[in-house]
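Accompanying notes for the structure given below.
In my numbering, the protein residues as written are 1 to 81.
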């Protein structure tokens with residue numbers, strides 16, 4: 001449970017992008033050992049499979065500006081009385 005909590009904390013601290021990696025091999029001085037991917041990766045892959053790509057700040061700002069422009073035009077009548 002503690003490992004999963006630490007993973008959650010690490011993942012939620014990402015602001016714009018998150019890269020998940022793992023080492024296929026690890027060295028300890030002259031010894032090395034083969035590593036396997038984290039047991040949490042399949043859960044993460046399943047959780048993000050249906051998500052839309054997150055927006056960067058610039059793209060988010062462009063979308064907000066476009067929505068504001070559309071709403072301001074929609075509020076004006078075509079033929080004022």
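Glycine included, C-beta positions come from ideal geometry on N, C-alpha and C.
CB of residue 26 within 7 Å of CB of residue 17, strictly: no
Segments of 3+ residues assigned as beta strand (DSSP E) that fall wholly inside the segment 29–78: 31–34
Under 7 Å between C-beta atoms of residue 40 and residue 7: yes
Beta carbon proximity, residue 44 to chain C, threshold 7 Å: Protein chains in the displayed structure number just one, and chain C is not present.
Limits of the alpha helix (DSSP H) - the one that residue 10 falls within: 2–12 is the span of the alpha helix (DSSP H), which, as asked, contains residue 10.
Three-state secondary structure assigned by DSSP to residue 87: An answer regarding residue 87 cannot be provided, because it is not within the stretch 1 to 81 covered by the chain.
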